[in-house]
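The opening residue of the sequence shown carries number 1 in full-length UniProt numbering; numbering runs sequentially from there.
Note that beta-carbon positions come from the ideal geometry of N, C-alpha and C, so glycine has one too.
Computed from a predicted model, the values in this text were never measured in an experiment.
Everything below concerns the one structure shown next.
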Amino acid sequence: MYTDRYTLGVVVAAEGYPEAPMKDIPLPDLDTENADCIVYAAGVKSGEQGLLSNGGRILLVAGQGETLQAAQDKAYRYLSANPIAHTFYRSDIGAKAIRFTEK
């Protein structure tokens with residue numbers, strides 16, 4: 001899907017990544033209808049109750065906005081509103097590029 005808006009992606013990884021990532025972490029519904037985000041599943045599998053983690057890098061949350069800062073804000077807002085136990089993500093994705101574009 002093409003867009004002329006900025007897009008910034010944040011990878012969500014399983015606890016223990018990269019050495020020994022935890023598996024079978026239940027994942028919530030990945031609803032992005034009103035979030036201005038797209039969520040891409042990677043290291044996941046289907047389970048009886050829905051999606052489960054099955055690798056180290058589980059998801060990529062891509063925020064979209066009119067500026068890089070807006071795209072970053074949307075990605076991190078989505079992640080804050082949809083926490084997943086036993087996972088982590090970096091909190092500095094895009095920071096250098098945003099500082100560079102603000103000059």
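- Rounded to the nearest angstrom, the gap between the Cα atoms of Leu30 and Val39 is 7 angstroms.
- Below 8 angstroms, enough C-beta pairs join the stretch 69-87 and the stretch 3-15 to call them touching: three or more.
- Taking Leu8 as the centre and dropping the five residues before and after it, the same chain places the C-beta of Gly63, Ala71, Gln72, Ala75, Gly94 closer than 6 angstroms to its C-beta, in chain order.
- Scanning the stretch 43-71 for uninterrupted beta strand (DSSP E) segments of 3 residues or longer gives 44-47, 50-53, 57-65, listed from N- to C-terminal end.
- Comparing alpha-carbon positions, the option among Leu27, Ser80, Gly65 lying closest to Ile98 turns out to be Gly65.
- As a beta-bridge residue in DSSP terms, Tyr40 pairs with Leu60.
- Residue pairing for Leu8: DSSP places it in a beta bridge opposite Gly63.
- In the three-state scheme derived from DSSP, where H, G and I count as helix and E and B as strand, Ala20 is classed as coil.
- Only residues of its own chain outside the window of five on either side were considered, and among them Tyr6 have a CB closer than 7 angstroms to the CB of Thr67, listed in chain order.
- Separation of Gly47 and Gly55 (C-alpha to C-alpha, rounded to the nearest whole angstrom) is 14 angstroms.
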